[in-house]
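Colleague: Below you will find the structure I want to go over with you.
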Amino acid sequence: MTLAVIAGSANEPLAASISAELGVKLHERLAQRFDDGELHVEIEESIRGCDVYVIQPTSLPVDEHVMELLFLADACRRAGAARLTAVVPYFGYARQDRRASGREPVGARVIADLIEAAGFTRVVAVDLHAPEIEGFFHMPVEHLSAAALLARAIRTTRDMVIVAPDLGAVKLAERYQAFLQLPVVVLHKSRLSGSAVALRTIIGDVKDRAPLIVDDMITTGATIEAAVTGLLDAGCKPDVSVLATHALFVGPAIARLQALSIRQLIATNSVNATAVPVPFQVVNLAPMLADAIARLHRDQSLGSLLAHA
Numbered sequence: 004m005t006l007a008v009i010a011g012s013a014n015e016p017l018a019a020s021i022s023a024e025l026g027v028k029l030h031e032r033l034a035q036r037f038d039d040g041e042l043h044v045e046i047e048e049s050i051r052g053c054d055v056y057v058i059q060p061t062s063l064p065v066d067e068h069v070m071e072l073l074f075l076a077d078a079c080r081r082a083g084a085a086r087l088t089a090v091v092p093y094f095g096y097a098r099q100d101r102r103a104s105g106r107e108p109v110g111a112r113v114i115a116d117l118i119e120a121a122g123f124t125r126v127v128a129v130d131l132h133a134p135e136i137e138g139f140f141h142m143p144v145e146h147l148s149a150a151a152l153l154a155r156a157i158r159t160t161r162d163m164v165i166v167a168p169d170l171g172a173v174k175l176a177e178r179y180q181a182f183l184q185l186p187v188v189v190l191h192k193s194r195l196s197g198s199a200v201a202l203r204t205i206i207g208d209v210k211d212r213a214p215l216i217v218d219d220m221i222t223t224g225a226t227i228e229a230a231v232t233g234l235l236d237a238g239c240k241p242d243v244s245v246l247a248t249h250a251l252f253v254g255p256a257i258a259r260l261q262a263l264s265i266r267q268l269i270a271t272n273s274v275n276a277t278a279v280p281v282p283f284q285v286v287n288l289a290p291m292l293a294d295a296i297a298r299l300h301r302d303q304s305l306g307s308l309l310a311h312a
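This note's numbering puts the sequence shown at residues 4 to 312.
Below, the structure written as C-alpha cells:
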C-alpha cells in the first residue's frame, strides 16, 4: 500500500517538514473559498488504494481548520483512499471536554463525532489538553507526547524545580520529572475568565529555586503570568523557564510573556505561530510525527512515542 501525505492549510511548513523526513512528496491539493465564503477542496493527484495521512492542526481560526479537515477527509474517502488517518498535532476544542455548568455542549465530543463521520479511521494527536478525549472516539487514537523532545531542549540547573501551573498539569509534570529527575511543585489556580487567572496556593517548596513551568499549551499567557507572579512572591529565583507543547500566543499573550522574567521559553511547532515573544525556541515535531506515521504505515508499535508509555 502506497503512503500518501496531504497537508491542510493550518500548518503547511510542518507538513512539508514531515514529508521531507519521510522521503515522500506532499500530494497536491487545492483549498479555496468561493465569493460567498464556502470552502472548496480538491485532491489533485490519485490516492486510490493509498494509506493517506492528512496533516491539519485545528488551530486558529479553529472552525475554518476543522471544516477543512472534514472536507479533506471526505474528498480522500471518495477518491478511494484505502486507509485514512488524521494527524492533528494540536486538537482544538480540547478544553471543552466536560460541562462546567448546565446548558452547554461538550465541544470536544462533537468534534470527535465529526472527525469520525467524515471518514477518518484513526487520529494521531500530540499532548491532548485532556487525555480523556481519547475515549470520545470509537476509532484508534494515537496520543503522542512531546515531553521527551522538549526535555532534551531545556538547559537544566541543580536548583531547578518543575512547576505544574494547575492541577490538570500534574501528570504532564510527572512525565517531565521522569526525564529530568527534578522535584515537582503544584500550583492551585482559579480561572476568573477566559483570559484571567488567580493563583490560590502553592504545594511544595520553591524558595531560592529556579522554576521550570510546564504546560500543554500557552493561549493568552494568563496561567503563566499568574504562576510566575505567585512563584516570585513565594521567594523563587527570578530565573524562570517555560516548556509548552502548543504555542498559540493569542490576545495579550506576547506582551504578557515579554513582561515576565523568563530566561527560557520553549515550545513545539504544532501550530504555525506568526508572531512570537522573545526569548522563544521552537522544537520541531516533524521527526517524531514522521516516525509515528512510518510505524503506523508498517503496522508497527509506537512504543515510547505514546503519552501513556
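Cβ coordinates follow ideal geometry from the N, Cα and C atoms, glycine included.
(1) Suppose the cutoff is 6 Å on Cβ atoms and the five residues either side in sequence are ignored; what does the same chain contact list for Leu263 look like?
(2) Apart from the five residues just before and just after Thr204, which ones in its own chain have a Cβ nearer than 8 Å to its Cβ?
(3) Tell me which residue opens and which closes the alpha helix (DSSP H) that Ser62 is part of.
(4) With a Cβ-Cβ cutoff of 8 Å, do Met220 and Leu251 count as a contact?
(5) Which stretch, first to last residue, makes up the alpha helix (DSSP H) that contains Met291?
(6) How is His132 classed by DSSP in three states: helix, strand or coil?
(7) Within 8 Å, do at least three Cβ pairs link the segment 93-111 to the segment 63-76?
(8) Going by C-alpha distance, which of Pro241, Lys174, Gly110 and Glu137 is nearest Met163?
(9) Confirm the yes/no value for this check: CB of Ala167, any heavy atom of the ligand MG, distance under 7 Å.
(10) With burial defined as no fewer than 16 other Cβ atoms inside 10 Å of the residue's Cβ, what is the status of Leu42: buried or exposed?
(11) Taking the alpha carbon of Pro287 as the reference point, which residue from Val113, Met4, Thr5 and Glu24 has its own alpha carbon closest?
(12) Measuring alpha carbon to alpha carbon, tell me which residue in Gln303, Val279, Ala310 and Met291 is nearest Ala18.
(13) May I have the straight-line CA-CA distance separating Lys28 from Ala310, to the nearest angstrom?
(14) Which one of Val274, Ala276 and Arg112 has the shortest CA to CA distance from Ala133?
(15) What distance in whole Å lies between the Cβ atoms of Tyr179 and Val129, which are believed to be in contact at a cut-off of 8 Å?
(16) Please report the straight-line C-alpha distance between Pro108 and Ile118, rounded to a whole angstrom.
(17) Do the CB positions of Ile269 and Leu235 come within less than 8 Å of each other?
(18) Which word fits Ile50, buried or exposed, when buried means at least 16 other C-beta atoms lie within 10 angstroms of its C-beta?
(19) Where does Gln303 fall in DSSP's three states?
(20) List the whole-angstrom C-beta distance separating Glu31 from Glu15, where the pair is believed to meet the contact cut-off of C-beta under 8 Å.
(21) For the beta strand (DSSP E) that contains Arg101, what are its first and last residues?
(22) From this set, Thr223, Ile58 and Val127, which residue's C-alpha is nearest Leu299's C-alpha?
(23) Start and end of the alpha helix (DSSP H) containing Thr232?
(24) Roughly how far, in whole angstroms, is the beta-carbon of Val57 from the beta-carbon of Val90, given that I think they are within contact range, below 8 Å?
Modeller: Looking at the atomic coordinates:
(1) Closer than 6 Å at the Cβ level, and outside the excluded window around Leu263, lie Val231.
(2) These residues qualify, in order along the chain: Leu190 and His191.
(3) Note, Ser62: premise wrong, no alpha helix (DSSP H); not H, not E.
(4) Taking 8 Å as the Cβ cut-off, Met220 and Leu251 qualify as a contacting pair.
(5) That run of the alpha helix (DSSP H) goes Ala289 to His300.
(6) DSSP places His132 in the coil class of the three-state scheme, outside both helix and strand.
(7) Three or more Cβ pairs drawn from the segment 63-76 and the segment 93-111 lie within less than 8 Å of each other, which places the two stretches in contact.
(8) Nearest Cα to Met163 within the set Pro241, Lys174, Gly110 and Glu137: Pro241.
(9) Of the ligands one can find in the structure shown there are none, so the ligand MG has no counterpart to examine.
(10) With fewer than 16 Cβ atoms within 10 Å of its Cβ, Leu42 is classed as exposed.
(11) Here the sequence assigns Asn to residue 287, which means Pro is not the residue at that position. Checking every option, the nearest Cα to that of Asn287 belongs to Glu24.
(12) Its Cα nearest to that of Ala18, the residue Met291 stands out among Gln303, Val279, Ala310 and Met291.
(13) Roughly 28 Å between the two C-alpha positions.
(14) From the listed residues Val274, Ala276 and Arg112, the smallest Cα separation to Ala133 is found for Arg112.
(15) In this structure Val129 is not in contact with Tyr179, their Cβ atoms being roughly 15 Å apart against a cut-off of 8 Å.
(16) In a straight line, the C-alpha of Pro108 is about 17 Å away from that of Ile118.
(17) Not closer than 8 Å, so no.
(18) Label assigned to Ile50: buried.
(19) DSSP places Gln303 in the coil class of the three-state scheme, outside both helix and strand.
(20) That pair is no contact at about 12 Å.
(21) No beta strand (DSSP E) contains Arg101, which DSSP labels as neither H nor E.
(22) Comparing Cα positions, the closest option is Val127.
(23) Note, Thr232: alpha helix (DSSP H), Ala225 to Asp236.
(24) Sure, about 7 Å apart at Cβ, within 8 Å.
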